[in-house]
Amino acid sequence: MAELRVFLPRPLADAVQDAIDRYARLAHADDPSRSIGELSVGVFADLVLRPWDTSRPAVTAQVTVLWPLPGEDGDAPPAEVDGHPITRAQLRELLEELDALCPGGLRAPAGGSLHLALVDPRTGALRATLTRGELERLVRRGCRVHPATDCGCSIAGRPPVTDRYHPSAAQRRFPTVRDRTCRHPGCGNRAGWADLDHVVAHAEGGETSCENLCCLCRRHHRLKTFAPGWRFEMTPDGALSVTSPSGTTRTTRPPGYWAAMGYPAPPIGAELEAQLAAGPGEDPPF
Numbered sequence: 004m005a006e007l008r009v010f011l012p013r014p015l016a017d018a019v020q021d022a023i024d025r026y027a028r029l030a031h032a033d034d035p036s037r038s039i040g041e042l043s044v045g046v047f048a049d050l051v052l053r054p055w056d057t058s059r060p061a062v063t064a065q066v067t068v069l070w071p072l073p074g075e076d077g078d079a080p081p082a083e084v085d086g087h088p089i090t091r092a093q094l095r096e097l098l099e100e101l102d103a104l105c106p107g108g109l110r111a112p113a114g115g116s117l118h119l120a121l122v123d124p125r126t127g128a129l130r131a132t133l134t135r136g137e138l139e140r141l142v143r144r145g146c147r148v149h150p151a152t153d154c155g156c157s158i159a160g161r162p163p164v165t166d167r168y169h170p171s172a173a174q175r176r177f178p179t180v181r182d183r184t185c186r187h188p189g190c191g192n193r194a195g196w197a198d199l200d201h202v203v204a205h206a207e208g209g210e211t212s213c214e215n216l217c218c219l220c221r222r223h224h225r226l227k228t229f230a231p232g233w234r235f236e237m238t239p240d241g242a243l244s245v246t247s248p249s250g251t252t253r254t255t256r257p258p259g260y261w262a263a264m265g266y267p268a269p270p271i272g273a274e275l276e277a278q279l280a281a282g283p284g285e286d287p288p289f
């Protein structure tokens, strides 16, 4: 269950509450077995979602399924930025896992979309986002250089750079899944409600690439664009440093998916410094 609150001007709030109460009492007259409170919840949902109204554009569900890359060696050291190659054999194994766990195959909801977020199980970092159709095409096509074999070449990863100002659909998808919220320090607005911003402005030579795109809510997007004295810098792995006009710098990093996969997040900041200062700990056997 969840609680939904809305802050409205008093006259508008009274009108909304009155409409919900009236419709709920009408429904209660037809079905006294259901309480007014229960009916009020249903009335509110119907008034917002209006399932009978087909004249408006449909609001579609967007589902992202988190999936650790199969066949990764948990003892191998983490790779830099783009990670180890995502091979055809791994994607074929992933496709088999999806179909084995989901009778009939994992498909998008009716009228909606389904994306797979492929995650490095050693680091929790996002490696690629794919639709089911893209996954199937990559498995069929394989490596362009070695099409007849299961080579070790990478056939999936971050979307390529585009020379346009507006990001491609794949470029929009990757930073949104990677960031999950506005990246300005201290802001928790959802990435789905945020703008996709060029950290280095496109007009100043910034690429339209996942290494130069991050999610900023409208308020912080405007602050970055129009407020003097602010400086934003991002590394290829998505760490965003924001320097205020007073010279204070704070850095945010993509949250990763350790918790979602049941792994503890690696230490950062003061926690990491404390562990390094403490040394390796007791001698074996611990």
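For the sequence shown, our numbering gives the first residue as 4, with consecutive numbering after it. Glycine residues also receive a C-beta, built at the ideal position from the N, C-alpha and C atoms. Nothing here was measured: the structure is a model prediction, and the numbers come from that model.
If the criterion is Cβ atoms closer than 8 Å, does the pair residue i and residue j meet it?
| i | j | result |
| --- | --- | --- |
| Val180 | Ala230 | no |
| Pro178 | Arg253 | no |
| Cys213 | Gln174 | yes |
| Asn215 | Gly208 | no |
| Thr165 | Ser171 | yes |
| Arg135 | Leu117 | yes |
| Thr255 | Leu243 | yes |
| His31 | Ile39 | yes |
| Asp322 | Thr57 | Coverage of the chain is limited to positions 4 through 289, which leaves residue 322 absent and any answer about it impossible. |
| Gly259 | Pro248 | no |
| Leu42 | Ala27 | yes |
Could you pull the DSSP bridge partners for residue i from this structure?
| i | result |
| --- | --- |
| Arg244 | The displayed chain sequence assigns Ser, not Arg, to residue 244. Bridge partners of Ser244: Glu236, Thr254. |
| Leu129 | Val122 |
| Cys217 | Asp200 |
| Arg193 | Thr184 |
| Thr134 | His118 |
| Thr211 | Thr165 |
Can you tell which of the options has the C-alpha that lies nearest to the C-alpha of residue i?
| i | options | result |
| --- | --- | --- |
| His201 | Ile23, Asn192, Tyr168, Thr251 | Tyr168 |
| Glu6 | Asp34, Arg147, Phe47 | Phe47 |
| Arg161 | His149, Arg176, Thr152, Cys154 | Arg176 |
| Val142 | Ala128, Arg193, Leu98 | Leu98 |
| Lys227 | Gly195, Ala194, Thr246 | Thr246 |
| Gly145 | Asp33, Gln20, Thr238, Gln93 | Gln93 |
| Val203 | Arg25, Arg8, His224, Trp55 | His224 |
At the level of alpha carbons, what is the spacing between residue i and residue j?
| i | j | result |
| --- | --- | --- |
| Arg221 | Leu133 | 27 Å |
| Asp85 | Arg130 | Legend: pLDDT at Asp85 = 44, less than 50; position of this residue unreliable, value from coordinates given subsequently. Going from the Cα of Asp85 to the Cα of Arg130 covers about 7 Å. |
| Thr211 | Glu137 | 21 Å |
| Thr184 | Leu219 | 8 Å |
| Leu29 | Pro35 | 10 Å |
| Arg234 | Gly241 | 16 Å |
| Arg186 | His149 | 39 Å |
| Cys190 | Leu52 | 28 Å |
| Ala197 | Arg147 | 36 Å |
| Thr126 | Gly195 | 24 Å |
| Phe10 | Arg140 | 47 Å |
| Asp33 | Glu100 | 49 Å |
| Leu199 | Arg13 | 35 Å |
| Pro54 | Asp182 | 32 Å |
| Asp123 | Met237 | 21 Å |
| Val44 | Asn192 | 26 Å |
| Asp17 | Asp49 | 18 Å |
| Arg159 | Ala128 | In the sequence on display, residue 159 carries Ala and not Arg. Their Cα atoms are separated by approximately 15 Å. |
| Ala206 | Pro239 | 20 Å |
| Thr67 | Pro163 | 21 Å |
On the three-state DSSP scale, how would you describe residue i?
| i | result |
| --- | --- |
| Thr179 | helix |
| Ala159 | strand |
| Ala5 | coil |
| Arg186 | coil |
| Leu15 | helix |
| Phe10 | coil |
| Arg143 | helix |
| Ser36 | coil |
| Ser171 | coil |
| Ile23 | helix |
| Asp56 | coil |
| His31 | helix |
| Asp153 | coil |
| Ala48 | helix |
| Ser43 | helix |
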